[in-house]
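Okay, so here's the structure we're looking at.
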Amino acid sequence: MKKHPMLKYLKESGPCGDRLPLIMCPGCGAGQILNFIFMAIESLITEKGYYKDNFVFISGVGCHARLTSHYLNFDSGWTIHGRTLAIATGALLANPELHLIVITGDGDTGAIGGNHFIHTCRRNLNLTIVCSNNKLYGMTGGQSSPTTLNGETTSTNPYGNFEADFDLCELAKTAGASHVARWTTAHPTQSIKSIVKGIEKPGTSFIEILSQCPTHFKRSPSEMLRDFKKQTVRLEKMDETTAGKIPIGEFQDIQKPDWMSSYQKVVHSAQNKTIQD
Ligand SMILES: Cc1ncc(C[n+]2csc(CCOP(=O)(O)OP(=O)(O)O)c2C)c(N)n1
Ligand SMILES: [Mg+2]
0 MKKHPMLKYL KESGPCGDRL PLIMCPGCGA GQILNFIFMA IESLITEKGY YKDNFVFISG
60 VGCHARLTSH YLNFDSGWTI HGRTLAIATG ALLANPELHL IVITGDGDTG AIGGNHFIHT
120 CRRNLNLTIV CSNNKLYGMT GGQSSPTTLN GETTSTNPYG NFEADFDLCE LAKTAGASHV
180 ARWTTAHPTQ SIKSIVKGIE KPGTSFIEIL SQCPTHFKRS PSEMLRDFKK QTVRLEKMDE
240 TTAGKIPIGE FQDIQKPDWM SSYQKVVHSA QNKTIQD
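When we follow numbering that gives the first Met the number 0, the leftmost residue of the sequence shown carries the number 0, and every step to the right adds one.
Shown next, in the form of structure tokens:
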């Protein structure tokens, strides 16, 4: 049987046993997101001369986080829920040559790790953040998260979420990330292109991918994918007729110095300063 071309990026076996099937529930979007990231990395290695060994993955805790050290044939760190970006920052400062890919969730980024998220974007640290947004806390029983849509039903909101939902892309954009985009698991080509662009872009890249959780939403994955197509609209087509739809596309793509290049300028100035008695 012909092997899947991305299989080389998975370990033969890991803490969860054999690499396939993944530990995720059937129909979970996390495996698709992992495949998008692999496809992006594959194109950078084969077409742009990137080295596999320079990619390092960091994740926190959550269903999405199972995608790193459990399975990847890359250097990776499975770290603490909500502190993913703090730990990725440390890895980056230790070796700025690395391409750090942070796989995070809507809870990890938008709730417990919200403060780290804001300041990572503000500092414009050279990290590529891929957020698997399944709109709830998948791993702990499907509780509402900051991205659960208003009115949506979860295990903690059986009568519908009465809170306002949060737009992570708008937050990343306002906080100053260089590159910000949102897609869904029903948009594979666009997601892969955004991840490639994000990795190539100096500074913080935030790529949010809406992902289906058939287990907690108790729906079929294919129906959820069809809904992603129906519920979303390209940012540039948003107007009064599309009210209530979820905007997808590129929210921000700007040229600005990343944290490390600004820091190196300061180091250079300090080293060249003549100390006066
Ligand atoms: C410090 C800390 N607080 C809470 C938890 C419990 N916990 C584990 S995963 C999780 C939520 C994960 O949600 P999300 O980041 O959206 O990931 P998903 O499982 O949906 O992929 C929580 C609250 C924890 N492990 N550590
Ligand atoms: Mg989640």
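Beta carbons are placed, not taken as given, at the ideal position from N, Cα and C, and that holds for glycine.
- prompt: Is it true that the segment 242-256 meets the segment 109-119, where meeting means three or more beta-carbon pairs spaced less than 8 Å apart?
  reply: Between the segment 242-256 and the segment 109-119, the count of Cβ pairs shorter than 8 Å is below three; the stretches do not touch.
message: Once DSSP output is grouped into helix, strand and coil, what is the label at residue 183?
response: It is a strand residue.
field: residue 61: CB within 7 Å of a non-hydrogen atom of ligand 2
entry: Checking the Cβ of residue 61 against ligand 2 gives yes.
field: As assigned by DSSP and simplified to three states, the class of residue 98
entry: It is a strand residue.
- prompt: Alpha carbon to alpha carbon, what distance is there between residue 256 and residue 135?
  reply: About 34 Å.
- prompt: Is the beta carbon of residue 57 sitting closer than 8 Å to the one on residue 99?
  reply: Result yes, Cβ atoms of residue 57 and residue 99 sit closer than 8 Å.
message: Given the structure, does residue 74 come close to ligand 2, in the sense that its CB is under 7 Å from one of the ligand's heavy atoms?
response: When distances are taken from the beta-carbon of residue 74 to the heavy atoms of ligand 2, even the shortest one reaches 7 Å or more.
query: By Cβ distance below 8 Å, which residues in the same chain neighbour residue 235 in space, the five residues on each side in sequence not counted?
result: Around residue 235: 248.
query: Who does residue 252 pair with in a DSSP beta bridge?
result: Residue pairing by DSSP places residue 252 opposite 178 in a beta bridge.
task: In angstroms with no decimal places, state the Cα-to-Cα distance between residue 272 and residue 94.
output: So the two alpha carbons sit approximately 26 Å from each other.
task: For residue 29, count neighbouring Cβ atoms within 10 angstroms of its own Cβ and tell me buried if that reaches 16, exposed if not.
output: Burial is judged here by how many other beta carbons sit within 10 angstroms of a residue's own beta carbon; residue 29 has at least 16 and is buried.
- prompt: Would residue 177 pass as a contact of residue 253 if the rule is Cβ separation under 8 Å?
  reply: Result yes, Cβ atoms of residue 177 and residue 253 sit closer than 8 Å.
message: Going by DSSP in three states, residue 213 sits in which element: helix, strand or coil?
response: In this structure, residue 213 counts as helix in the three-state DSSP scheme.
- request: Please work out which residues of its chain come closer than 7 Å, Cβ to Cβ, to residue 172, disregarding the five sequence neighbours upstream and downstream, and give them in chain order.
  value: Hits under 7 Å: 179, 250 and 251.
query: What is the rounded straight-line gap between the Cα of residue 67 and the Cα of residue 75?
result: Here the alpha carbon of residue 67 sits roughly 6 Å from the alpha carbon of residue 75.
query: Nearest-angstrom Cα distance between residue 32 and residue 264?
result: Straight through space, the alpha carbons of residue 264 and residue 32 are spaced by roughly 36 Å.
task: Report, in whole angstroms, the separation of the C-beta atoms of residue 63 and residue 102, which I expect to be a contact under 8 Å.
output: The pair is a contact, with the Cβ atoms about 6 Å apart (cut-off 8 Å).
- request: Locate the alpha helix (DSSP H) running through residue 271, then write down its first and last residues.
  value: Residue 271: member of the alpha helix (DSSP H) spanning 258-271, first to last residue.
query: If you drop the 5 nearest sequence neighbours on each side, which residues of the same chain put their C-beta closer than 8 Å to that of residue 202?
result: If we look at residue 202 and ignore the five residues flanking it on each side, its Cβ neighbours are 123, 124, 125, 176, 177, 178, 255, 256, 257 and 258.
- request: Determine, using beta-carbon pairs with one atom in the segment 190-200 and one in the segment 38-56, whether at least three such pairs fall under 8 Å.
  value: Yes, they touch.
task: Kindly give me the distance between the Cβ atoms of residue 130 and residue 208, rounded to whole angstroms, as I take these residues to be in contact under 8 Å.
output: Between residue 208 and residue 130 the Cβ distance is about 7 Å, and since that is below 8 Å, they are a contact.
query: In whole angstroms, what is the alpha-carbon distance linking residue 23 and residue 213?
result: Near 11 Å, if we compare the C-alpha coordinates of residue 213 and residue 23.
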